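Residue numbers (the working numbering), protein chains in the order written: chain A, 1 to 347; chain B, 348 to 422.
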């Protein structure tokens, strides 16, 4: 009588992950803002915006737009006229606005379905910056966020934020399996029971597969967001060295014939490699002063503090848990095959 | 031994992408198409890579089980 409930749980969690991860829409946002005016204080000027997942046309009754000066964000200048061309294109006309404080203006767009959309430094003016007091309009904003459940809209990432549920759990699974391998290594070193060596070996092999998948998927995501398949980066180098270290583990095992000796040497090596992995992937990239493109390191707002808001969190946790369970399922099958083969060879 | 060779080949292939320092117009197309549909293409390809990896694992396990079954039937 086998207890397989956790395998079904992994299927359920991964099903939720794929379904929600791929079907929940991205929150509306502003992709680009264009203006025809060089100086904003001379004459009324037009601003045209391109939105993403916006409902400009559908909500043309509740559309509001205003600009704030980057140096004076409390003072708002409302658009004198709003023209919605379609759901993602709109044109606003603004009265002549002097730059009080900063040559840069932020653009705010609001409607009831999309909530309050904001683009920083959307308009730049060649006027000389002045000081002074200006009247501010008070656009009534009912809801800051969109009215439906959506993933956060982030520039550069856009839809690829969904890779959070695919790429990141690969590494979590690898680390979970490697930790399990270290646990078995320690158990082996205490009693020299070769069963534990078998377990840790299969765990490391499964972890390696997930690590390679993590590298490949990270490379694709990097190409889409940073523009390069690989960058010279602390985190990336750390993961590469970690995988090479565990490849060396495979070479090490192949080099030693005697079972007991092989198990002891690889157990010790695996424990060291695990510690090295924690340092290379977890500690070094987060040090103050390291420059890293990878989210969560070297001064970047981590996915865990900025972007992992309550909209991503439930699906992210299911994803990590689901992928880890799947990783252990694959390990479990590999172990059973290993044991059956051992039994066959002994008979 | 064989699996080690395979993984090594795979890793070397991945790292060979780092050699793309040259200006390659084909690369630009890849970049633009990867960002297509609001970067959704990147998500689909990542999901595809992961599923491919899982299916490759399943096939390899299937082969191992098949070999064991064959041996059992011989006895």
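C-beta: ideal position from N, C-alpha, C; glycine also.
Predicted, not measured: the structure shown is a model, and the values here were computed from it.
Determine, using beta carbons only, whether residue i comes closer than 9 Å to chain A.
i, result
"residue 356 of chain B", "no"
Could you spell out where the beta strand (DSSP E) holding residue i opens and where it closes?
i, result
"residue 83 of chain A", "81-84"
"residue 281 of chain A", "Premise fails: residue 281 of chain A is in no beta strand (DSSP E) and is neither H nor E."
"residue 66 of chain A", "64-69"
"residue 52 of chain A", "45-52"
"residue 29 of chain A", "29-35"
"residue 122 of chain A", "115-124"
"residue 107 of chain A", "104-111"
"residue 98 of chain A", "Careful: residue 98 of chain A lies outside any beta strand (DSSP E) and carries neither H nor E."
"residue 93 of chain A", "89-94"
Under 9 Å between beta-carbons, which chain B residues line up against residue i? List them in chain order, please.
i, result
"residue 159 of chain A", "384, 385, 386, 387, 388, 389, 390"
"residue 212 of chain A", "354, 357, 358, 361, 400"
To the nearest angstrom, how far is the alpha carbon of residue i from that of residue j?
i, j, result
"residue 356 of chain B", "residue 328 of chain A", "25 Å"
"residue 199 of chain A", "residue 277 of chain A", "20 Å"
"residue 264 of chain A", "residue 246 of chain A", "16 Å"
"residue 208 of chain A", "residue 105 of chain A", "50 Å"
"residue 44 of chain A", "residue 12 of chain A", "57 Å"
"residue 405 of chain B", "residue 202 of chain A", "15 Å"
"residue 155 of chain A", "residue 31 of chain A", "8 Å"
"residue 4 of chain A", "residue 73 of chain A", "58 Å"
"residue 361 of chain A", "residue 289 of chain A", "Here chain A covers residues 1 to 347 and nothing more, so residue 361 of chain A does not appear."
"residue 338 of chain A", "residue 415 of chain B", "10 Å"
"residue 358 of chain B", "residue 223 of chain A", "17 Å"
"residue 1 of chain A", "residue 392 of chain B", "Because residue 1 of chain A carries a pLDDT of 38, less than 50, the predicted location of this residue cannot be relied on, and the following value inherits that uncertainty. Distance between the alpha carbons of residue 1 of chain A and residue 392 of chain B is about 40 Å."
"residue 86 of chain A", "residue 58 of chain A", "8 Å"
"residue 218 of chain A", "residue 240 of chain A", "12 Å"
"residue 242 of chain A", "residue 255 of chain A", "20 Å"
"residue 100 of chain A", "residue 121 of chain A", "14 Å"
"residue 21 of chain A", "residue 98 of chain A", "45 Å"
Within the continuous alpha helix (DSSP H) that includes residue i, where are the two ends?
i, result
"residue 197 of chain A", "194-225"
"residue 72 of chain A", "No alpha helix (DSSP H) contains residue 72 of chain A, which is instead part of the beta strand (DSSP E) from 72-78."
"residue 384 of chain B", "383-421"
"residue 248 of chain A", "234-255"
"residue 294 of chain A", "Neither: residue 294 of chain A is in no alpha helix (DSSP H) and is coded neither H nor E."
"residue 261 of chain A", "259-277"
"residue 167 of chain A", "167-191"
"residue 20 of chain A", "5-23"
Tell me whether residue i is buried or exposed, calling it buried when 16 or more other Cβ atoms sit within 10 Å of its Cβ.
i, result
"residue 133 of chain A", "exposed"
"residue 159 of chain A", "buried"
"residue 95 of chain A", "exposed"
"residue 283 of chain A", "exposed"
"residue 161 of chain A", "buried"
"residue 163 of chain A", "buried"
"residue 403 of chain B", "exposed"
"residue 167 of chain A", "buried"
"residue 272 of chain A", "exposed"
"residue 108 of chain A", "buried"
"residue 47 of chain A", "buried"
"residue 398 of chain B", "exposed"
"residue 190 of chain A", "exposed"
"residue 66 of chain A", "buried"
"residue 384 of chain B", "exposed"
"residue 419 of chain B", "exposed"
List, in order along the chain, the chain A residues whose C-beta lies closer than 7 Å to that of residue i?
i, result
"residue 418 of chain B", "344"
"residue 411 of chain B", "337"
Distance cutoff 9 Å, beta carbons only. Does residue i sit that close to anything in chain B?
i, result
"residue 250 of chain A", "yes"
"residue 27 of chain A", "no"
"residue 225 of chain A", "yes"
"residue 18 of chain A", "yes"
"residue 312 of chain A", "no"
"residue 6 of chain A", "no"
"residue 209 of chain A", "yes"
"residue 241 of chain A", "no"
"residue 52 of chain A", "yes"
"residue 234 of chain A", "no"
"residue 334 of chain A", "yes"
"residue 294 of chain A", "no"
"residue 221 of chain A", "yes"
"residue 170 of chain A", "yes"
"residue 62 of chain A", "no"
"residue 167 of chain A", "yes"
"residue 199 of chain A", "no"
"residue 405 of chain A", "Since the displayed chain A opens at 1 and closes at 347, residue 405 of chain A lies outside it and no answer follows."
"residue 254 of chain A", "yes"
"residue 340 of chain A", "yes"
"residue 9 of chain A", "no"
"residue 35 of chain A", "no"
"residue 244 of chain A", "yes"
Flag residue i as yes when its Cβ comes closer than 8 Å to any non-hydrogen atom of the ligand ATP, and as no otherwise.
i, result
"residue 227 of chain A", "For the structure depicted, the ligand ATP is absent and the ligand set is empty, with no information on it obtainable."
At 8 Å on the CB atoms, spell out the chain B contacts of residue i, in chain order.
i, result
"residue 163 of chain A", "389, 390, 393"
"residue 247 of chain A", "351, 354, 355, 358"
Can you list the residues of chain A that residue i reaches, using a CB-CB cut of under 9 Å?
i, result
"residue 408 of chain B", "330, 333, 334, 337"
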